Each structure stands twice: as C-alpha cells, then as structure tokens.
Amino acid sequence: MILSNDQIEFYNNEGYVLVEDVISEDQLSAMLKIVDDFFEKSKAIKENDNIFDLEEGHSANNPRLKRVKQPHQHTPFFWDILKESKIENILIDLLGKDISLKTSKLNTKAPGGGAAVEWHQDWAFYPHTNDNVLALGLMINDVDLDNGPLMVIPKSHKGPVLSHNNNGVFCGAIDPNDKNFDISKAVTLTGKARSMTIHHARTLHGSAPNNSNKDRLMLFYECNSADAWPLVGVGAYLNNTNPIDLCNQMERQMLCGNVSYQPRMESVPVVLPLPPAPDYGSIFTTQKTGGAKSAF
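Shown next as structure tokens:
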C-alpha cells in the first residue's frame with residue numbers, strides 16, 4: 006500500500022485526497038521538457054483540433070493552451086509514468102487490482118486569464134454501472150491560490166447528481182443557483198509540483214480563471230475499476246464498430262489487471278449527458294456552446 010488507512014478513509018468519506026511526492030524530480034524534469042515541446046508544436050496551430058484546445062489570443066509568438074488531449078496517446082511517457090511512479094499503486098489502493106484508464110488530459114491553464122472550468126461532476130459526463138471511478142490531477146508546477154487551483158465540495162460524492170443541462174442541452178456544468186450547491190463549502194487544493202489530487206467521479210469541483218503571471222500545469226487521468234462499465238452517451242471513451250474492436254480497446258486501456266466482462270451493477274444515480282451541446286469536443290467547448298452559467 007502507498008496510501009495510509011487514514012488517507013483511504015479520508016478519500017472515502019470526503020470524496021477527495023491530496024498526496025505529495027508522487028513522482029520523482031527526474032520524472033518531473035522529463036515531463037516539463039515534453040510539455041515545452043507541446044507548446045512549441047502548438048505554435049503552428051490556429052484553431053482547436055484533436056490534440057490542442059487553445060486559449061483566446063493564442064499565436065505562434067504567444068502560445069496559449071487550454072489543454073493537450075489524450076497526451077498518453079501522443080507520447081508513451083504519459084502512459085509509462087503511471088506504472089513507473091507511485092500512481093499505479095495508489096490507484097490499486099482505491100480501485101482494486103483491475104483498473105482501466107479512461108482518458109488523460111494536460112490542462113495548461115495560461116497566465117493572465119486562463120479559462121475557468123465551471124463547477125461540475127465528472128459522473129455527469131460518463132455514468133457507469135457503478136461509481137468506482139475517479140480522477141487524478143498531477144501538479145506539474147506549483148499550484149497556489151492565484152493560478153486557478155482545483156476546488157472541491159467535500160462529501161458531495163455522497164449526494165445527488167445535479168443537473169448539468171441548460172435549456173434542454175447538456176452544458177457540462179451545474180447552475181450556481183442550484184439549491185444543492187453551496188460554494189461556501191468549497192475546499193481549495195493547492196500544493197507543490199509532484200503532488201497529486203484525487204477526486205471521486207461524483208465530487209463537485211471546478212477551478213477559477215488563472216489571473217496570475219504563471220501557468221497552472223496539471224496532468225489529469227480518469228480511471229475506473231474494470232467492472233465499472235460506461236453507459237450510453239460516452240462514445241468518446243468507447244469507440245468501436247464491432248465486438249472485436251471493443252475488446253481490443255478494452256485491453257489497450259487496462260492499466261493493470263484484467264478486463265472484466267461482468268459489469269458490477271449498483272444503484273447509482275444516472276442521467277445521460279444528452280442531448281449534446283453544439284460543440285462537445287471538450288469540457289471547455291461543451292460549457293461554452295451549451296450556455297453554462299459561471300460561478301466565477
């Protein structure tokens with residue numbers, strides 16, 4: 006075990022936990038070099054594509070990124086780091102021995118107004134047959150109060166799944182005026198580079214704009230126990246045209262252990278993320294085109 010019993014109990018009770026020194030200094034240095042290369046490659050991009058989400062004002066002379074999508078598919082380093090650091094064993098402590106990697110994303114919140122992520126529950130984007138599902142957020146640089154840290158509502162993973170729709174469309178964010186949302190309960194998760202946040206898929210969370218003069222670099226992974234099968238509406242995570250493709254994809258996504266072909270069914274609240282926003286390519290475009298209301 007990597008996590009202590011107290012840390013596991015805290016995660017189960019509160020819906021989040023922060024762990025320090027998850028990767029080594031050498032691994033961090035290697036990661037920062039790859040991130041610099043992403044910024045360099047983005048200089049040739051003028052609009053969002055299947056790799057990059059861009060901030061307003063992005064240019065070759067002033068590269069401003071929101072996100073690098075699925076970095077583990079673009080360079081093996083981001084897959085290997087899961088197994089060559091403490092991360093895999095931390096996941097085993099929380100999810101069991103059979104674990105699937107759903108997706109990854111490198112959120113590179115730019116200085117001087119990098120975009121907020123409005124309050125939401127990941128579960129609303131991808132409901133499963135059970136909620137043994139979580140997200141990791143590895144801090145690649147220091148995260149403080151000024152550069153748009155992650156915020157969570159403790160114990161919200163035990164409450165309802167709030168509406169993430171606006172005018173009948175899935176907008177990927179809650180209404181800040183929802184009676185079940187109380188921002189006064191929010192906890193801000195700051196820390197040094199190499200620290201990692203973990204939050205349950207049903208935990209309410211968001212992050213304010215980055216109004217500091219430095220980036221906020223966080224690498225997110227979304228994982229689930231193998232017996233938690235995604236439900237309809239999450240085609241971005243299970244792309245297949247036949248059973249062979251489906252099985253192959255499931256095998257590729259296994260971080261450790263074995264694929265489960267016996268989904269564990271639990272009584273969990275489910276609302277499908279449909280109908281979709283006009284642009285559902287990322288949470289940023291979903292929230293923007295779906296007309297999400299801002300709490301910031």
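Remember, the working numbering sits 5 above the position in the sequence shown when you count from 1.
A virtual CB, placed ideally from N, CA and C, is assigned to each residue, including glycine.
These numbers were taken from a predicted model, which means no experiment stands behind them.
Three-state class that DSSP yields for residue i in the structure shown
i, result
"F186", "coil"
"N171", "strand"
"I13", "helix"
"L8", "coil"
"L209", "coil"
"N218", "coil"
Buried or exposed (CB count within 10 angstroms, at least 16 for buried), residue i
i, result
"T246", "exposed"
"N218", "exposed"
"Y16", "buried"
"E25", "exposed"
"Y266", "exposed"
"L150", "exposed"
"S47", "buried"
"D31", "exposed"
"N185", "exposed"
"G153", "buried"
"K88", "exposed"
"K114", "buried"
"E60", "buried"
"S109", "buried"
"M270", "exposed"
"G177", "buried"
"A65", "exposed"
"N172", "exposed"
"A49", "exposed"
"P280", "exposed"
"D136", "buried"
"S200", "buried"
"I145", "buried"
Sequence-distant residues of its chain with Cβ nearer than 6 Å to residue i (five each side left out)
i, result
"L111", "V73, P76, L224"
"G101", "S230"
"G118", "P214"
"L106", "C228, Q258, L260"
"G296", "N171, C176"
"F315", "The question about residue 315 has no answer here: the residues shown for the chain are numbered 6 through 301."
"F301", "A121, A213"
"K197", "D147"
Close Cβ partners of residue i (< 7 Å) along its chain, the five nearest in sequence each way excluded
i, result
"T294", "A282, P283, D284"
"W84", "H77"
"K91", "I7, V27"
"S212", "A121, V122, G153, P154, L155, M156"
"H133", "N229, A233, W234, P235, L236"
"H162", "G20, H205, R207, T208"
"E93", "L87, L260, C261"
"V166", "Q126, W128, A129, R207, P274, V276"
"T80", "I39"
"G164", "N185"
Rounded straight-line distance, which links the Cα of residue j to that of residue i
i, j, result
"N215", "D42", "22 Å"
"D103", "A191", "32 Å"
"D180", "L222", "27 Å"
"P159", "P274", "18 Å"
"L251", "H169", "28 Å"
"M255", "V264", "7 Å"
"E52", "L243", "26 Å"
"P2", "F44", "The requested residue 2 is not part of the displayed model; the chain covers only 6 to 301."
"N67", "S299", "27 Å"
"N182", "I188", "10 Å"
"D220", "I13", "30 Å"
"Y226", "I56", "16 Å"
"I97", "V138", "12 Å"
"H63", "R69", "5 Å"
"L141", "S272", "24 Å"
"S29", "I95", "15 Å"
"K193", "W124", "Reading off the sequence, residue 193 comes out as Thr, not Lys. Approximately 13 Å, taken between the alpha carbons."
Contact set for residue i: own chain, Cβ-Cβ below 8 Å, skip 5 residues either direction
i, result
"F289", "D58, K71, R72, A120, V122"
"F82", "A35, M36, I39"
"I203", "Y16, Y21, V22, L23, V24, I95, L99, L139, A140, L141, G142"
"L33", "I145, A198, R199"
Inset, instruction - Only counting runs of 3 or more residues, tell me where the beta strand (DSSP E) segments fall wholly within the stretch 226-299, in order along the chain. - result: 259-261
Inset, instruction - Within the stretch 119-168, note down every full alpha helix (DSSP H) run reaching 4 residues or more, in order along the chain. - result: 127-130
Inset, instruction - Enumerate, from N- to C-terminal direction, the unbroken beta strand (DSSP E) stretches of 3 or more residues contained entirely within the stretch 40-121. - result: 57-59, 70-74, 104-114
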